[in-house]
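Protein chains in written order, with this note's numbering: chain A, 1 to 233; chain B, 1 to 233. Positions of the beta carbon are idealized from the N, C-alpha and C atoms, including for glycine.
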DNA sequence: CTTTAAATTTAGCCGAGCCTAAAATGAACA
DNA sequence: TGTTCATTTTAGGCTCGGCTAAATTTAAAG
């Protein structure tokens, strides 16, 4: 019924679509999943036949409600497993994603919900991504904006980190750049978008690509945002 | 490399061989794994090619040291996961086997060893089966004997339970028949081998098949064992 | 020693999920 | 408008791990 591959496809469609209504392209899926484009075409036919997506040939796919439920449940499992591996088993922040990528497909709803209870019903995972209660959707209630779009010289609260390689996460964690941390941008290189940021007493450099992964609360940036021109390439 | 199917085959060969040196037959494997005999034949060829078993056509298979290591590691993961699900996540004793059957193939060594540490390095799982330290073998140091071979009117300590269906485990647990419990046999029906056993104040009936799954410490039964004629069919 | 029954293996097939190469489609541009 | 080029789909093939049906081997019984 709901195989590993199927869950991975739905999860990836969900993530690529974001909250937008735009269709997800075959090639984008192929790249994210690390498979060839024809493999995606084939799977699309299957997912459409099972009523999990709507597929307009040559135009891309949308999740149906049924498909979205599977995607959300899979992502929820991933996040709870990550939080559990960190909090209960003491694995490090940067190594749990690979484990969770596998376990999300094996852990039953019963087990994952027990994990969530044992953790005290956390609302976010180690990267700051939201964990909803069972059967609710995943949308982040917070208004977030990427660090590379944030204004200079303002104290910002780091809310969550988009998916990154373990090395990058370790780099960030070693410099105190974890969810909840306070940072401010000291300088922005106009062409590349590289940033110098302050975390406590220390200053660190982030290139634009890494900065894009750091999401901060948008609330206190609103006032200044009109004056900035975006910054990211 | 080490797929789900491969691990299941090796694990099952290990269990069917027991500590004996006897070969495991294709049909026995097919039955335990719930697949057709030709599927087993095919997989045997593959396992032999990978040096995990020795296969003498028409005569059955033996594990090699390499195959035994995979089997033992898989079984160890199963038992640690079971204990973890019971102790940490509060699942019930009878429902964890099915979960562990899946998770044993997904959980990394790193994760399972962290579970074992968090549990305080337990030496046995919820059914009383031994859990060795990492990379050691599984052999039960205790001398055990089945309840259906044990003498009458002697206090016996229940050491472990062989694998059973959840309903049977629930039946036993409800009557206090869990690892560590003290029992004595009040009566044995000669033909069928059915038993009446005392657990604390209560008396319960066990048929021979169920009694065979209950393993007790053999120490105190030795003296009397010569006088009995075995009992089990 | 032969016949028969049971166990095992071979042969050939299927679905899942991937691949490459080739054809079809759509979009952008001359 | 027509051409080109990137994207997508179709066609055909591969491995894994199952299956059934038929052949083979072993073992047991006459």
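For residue i, the residue or residues it bridges with in DSSP
i, result
"residue 145 of chain B", "B:216"
"residue 196 of chain B", "B:187 and B:205"
"residue 54 of chain B", "B:62"
"residue 182 of chain B", "B:157"
"residue 24 of chain B", "B:61"
Neighbourhood of residue i by C-beta distance below 6 Å, restricted to the same chain and skipping five residues each side
i, result
"residue 3 of chain A", "none"
"residue 33 of chain B", "12"
"residue 173 of chain B", "93"
"residue 152 of chain B", "185"
"residue 74 of chain B", "7, 11 and 104"
"residue 47 of chain B", "53"
"residue 43 of chain B", "9"
Beta-carbon contacts of residue i that lie in its chain and below 7 Å, excluding the five residues immediately before and after
i, result
"residue 113 of chain A", "134"
"residue 41 of chain A", "26"
"residue 70 of chain B", "2, 7, 10 and 52"
"residue 123 of chain B", "130 and 131"
Euclidean distance between Cα positions of residue i and residue j
i, j, result
"residue 147 of chain A", "residue 171 of chain B", "59 Å"
"residue 203 of chain B", "residue 213 of chain B", "18 Å"
"residue 6 of chain A", "residue 201 of chain A", "47 Å"
"residue 39 of chain B", "residue 29 of chain B", "10 Å"
"residue 216 of chain B", "residue 121 of chain B", "23 Å"
"residue 45 of chain A", "residue 57 of chain A", "10 Å"
"residue 14 of chain B", "residue 190 of chain B", "33 Å"
"residue 225 of chain B", "residue 145 of chain B", "Residue confidence for residue 225 of chain B is low, a pLDDT of 47 falling below 50, so the modelled location carries little weight; the figure read from the coordinates is stated next. Roughly 11 Å separates the two Cα atoms."
"residue 76 of chain B", "residue 19 of chain B", "16 Å"
"residue 156 of chain B", "residue 87 of chain B", "26 Å"
"residue 208 of chain B", "residue 163 of chain B", "15 Å"
"residue 109 of chain B", "residue 183 of chain A", "37 Å"
"residue 61 of chain B", "residue 59 of chain A", "54 Å"
"residue 159 of chain A", "residue 181 of chain A", "8 Å"
"residue 150 of chain B", "residue 197 of chain B", "11 Å"
"residue 175 of chain B", "residue 199 of chain B", "8 Å"
"residue 16 of chain A", "residue 54 of chain A", "15 Å"
"residue 218 of chain B", "residue 127 of chain B", "17 Å"
"residue 36 of chain B", "residue 24 of chain B", "16 Å"
"residue 72 of chain A", "residue 83 of chain B", "29 Å"
"residue 68 of chain B", "residue 78 of chain B", "15 Å"
"residue 31 of chain A", "residue 168 of chain A", "20 Å"
"residue 89 of chain B", "residue 118 of chain A", "7 Å"
"residue 65 of chain B", "residue 21 of chain B", "13 Å"
"residue 177 of chain B", "residue 154 of chain B", "16 Å"
"residue 63 of chain A", "residue 49 of chain A", "13 Å"
8 Å Cβ shell around residue i - same chain, five flanking residues per side excluded
i, result
"residue 81 of chain B", "96, 99, 100, 103, 104, 107, 112 and 115"
"residue 194 of chain B", "188, 205, 206, 207, 208 and 211"
"residue 166 of chain B", "94, 95, 97 and 98"
"residue 91 of chain B", "85 and 99"
"residue 179 of chain B", "124, 126, 127, 128, 158, 159, 160 and 161"
My parser needs the beta strand (DSSP E) runs of 3 or more residues fully inside the region 76-163 of chain A; what are they?
144-146 and 156-161, all fully within the region 76-163 of chain A.
Output needed in chain order: residues of the region 97-120 of chain A with a Cβ under 9 Å from some Cβ in chain B.
98, 99, 102, 103, 105, 106, 107, 108, 110, 111, 114, 115, 117 and 118
Going along the region 28-48 of chain B in order, which residues come within less than 7 Å of chain A, judged by CB to CB distance?
none
Listed from N- to C-terminal order along the chain, which residues in the region 86-97 of chain A have their beta-carbon within a distance smaller than 9 Å of any beta-carbon of chain B?
Against chain B - using a Cβ distance shorter than 9 Å - the residues of the region 86-97 of chain A are 88, 89, 90, 91 and 95.
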